[in-house]
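Numbering (our numbering), first residue to last: 49 to 262. For reference, the structure is listed below as structure tokens.
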């Protein structure tokens, strides 16, 4: 534990020493100082191999910059994210946050590589069985290998926007992928875009366990 705290301190020391250089390289929503971003990633990986980060603008605060930390959907690394954020310094021009929050308006389409994915392409079913929440995703030509299908990444982006990364990791016990039937409504399925309301209705009945991808 002491070693992890030392690594976290080293990460923040490095960031404080270089953040002005990084911010000065900002062009719209991109940074030209890729070597610095690489250094940040490498330092985070030394703390916990699941740690990630990305930058985004806070539209409510006239484009204020946020550095958002996550753990790529691995609930066992939630504590690492919180430990990193707990040690974050206060710096002007940037705010540090843990996990992707719900997003409004919900994006209706995303581009993943050369794949254009619309949220209306996906249906879902959410239920609680024995205090465990199960989330099922339905799509055409359901992938047999999840890592090989860009639509899987698109759905994960939508889920972060709809219910938030933290609740996705701590409320959903299992996430399963199925072939969409010819008439989804006849099988009691819900459009993915409407998931938030159904999720909020039943989440209190689900034990905060974690997530398993099948």
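Where is the CB? At the ideal position from N, CA and C, for every residue including glycine.
In its own chain, which residues sit with a C-beta less than 7 Å from the C-beta of residue i, not counting the 5 before and 5 after it?
i: residue 188; result: 228
i: residue 87; result: 62
i: residue 66; result: 84
i: residue 60; result: 135, 136 and 137
i: residue 267; result: Look at the range of the chain in this structure, 49 to 262, and you will see that residue 267 is not part of it.
Between which two residues does the alpha helix (DSSP H) containing residue i stretch?
i: residue 187; result: Residue 187 -> not in any alpha helix (DSSP H); beta strand (DSSP E) instead, spanning 180-187.
i: residue 82; result: 82-95
Contact check, residue i vs residue j under 8 Å by CB: the rounded distance?
i: residue 185; j: residue 172; result: 6 Å
i: residue 244; j: residue 210; result: 5 Å
i: residue 149; j: residue 212; result: 5 Å
i: residue 129; j: residue 103; result: Rounded, the Cβ-Cβ distance is 16 Å, inconsistent with contact.
i: residue 157; j: residue 167; result: 7 Å
i: residue 179; j: residue 255; result: 4 Å
i: residue 182; j: residue 230; result: The Cβ separation is near 23 Å, so there is no contact.
Got a sec? Which residues, its chain only, sit under 6 Å from residue i by beta carbon, not counting five neighbours each side?
i: residue 55; result: 94 and 95
i: residue 233; result: none
i: residue 100; result: 118 and 120
i: residue 242; result: none
For residue i, which residues in the same chain have their Cβ closer than 8 Å to its Cβ, ignoring the five residues on either side in sequence?
i: residue 64; result: 137 and 139
i: residue 70; result: 79, 81, 84 and 85
i: residue 236; result: 173
i: residue 252; result: none
What are the boundary residues of the beta strand (DSSP E) that residue i is part of?
i: residue 251; result: That residue, residue 251, is in no beta strand (DSSP E); it is neither H nor E in DSSP.
i: residue 133; result: It is not in any beta strand (DSSP E) - residue 133 instead sits in the alpha helix (DSSP H) that spans 126-134.
i: residue 143; result: 142-146
i: residue 113; result: 112-118
Segment contact, 8 Å Cβ cut-off, at least three pairs: the segment 113-124 with the segment 134-149: yes
Inter-stretch contact (C-beta, 8 Å, three-pair minimum) for the segment 91-98 and the segment 156-164: Contact fails: fewer than three Cβ-Cβ distances are below 8 Å.
Three or more C-beta pairs below 8 Å linking the segment 191-201 and the segment 246-257: Because the criterion of three Cβ pairs below 8 Å is not met, the segment 191-201 and the segment 246-257 do not touch.
Any alpha helix (DSSP H) of 4 or more consecutive residues that is wholly inside the segment 161-238: 198-211 and 213-219
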